[in-house]
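What follows is a short report on a single structure.
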C-alpha cells in the first residue's frame with residue numbers, strides 16, 4: 256500500500272469514527288450528550304488515536320483509569 260492510500264484510508268477511518276460518535280451523541284440522553292461533548296476523548300480531532308484507544312478498554316479498565324484520575328485530582 257503506498258503512502259497516499261494509507262493517508263486516504265486514515266482519513267476515511269477518522270471520518271467514520273467521528274460520524275459514529277456524532278450518531279451516538281445525537282441518540283443519547285442529555286446528560287450523556289454533555290459528557291461526550293465536553294470530553295476531549297470524543298470531540299477533539301487532534302487526539303483521535305486516544306479516542307480509539309479509550310474505546311478498546313473494558314468497563315473495568317475505564318473505571319480504574321477514571322478512579323485514578325479522580326484520586327489525583329482531589330489530592331491537589
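Numbering (our numbering), first residue to last: 256 to 331.
Note that beta-carbon positions come from the ideal geometry of N, C-alpha and C, so glycine has one too.
With a cutoff of 8 Å on beta-carbon distance, residue 297 and residue 306 are scored as near each other.
Residue range 285 to 293 is occupied by the alpha helix (DSSP H) that includes residue 286. The C-beta distance from residue 308 to residue 291 rounds to 16 Å, too long to meet the 8 Å contact threshold.
Just so you know, the alpha carbons of residue 316 and residue 324 end up roughly 12 Å apart.
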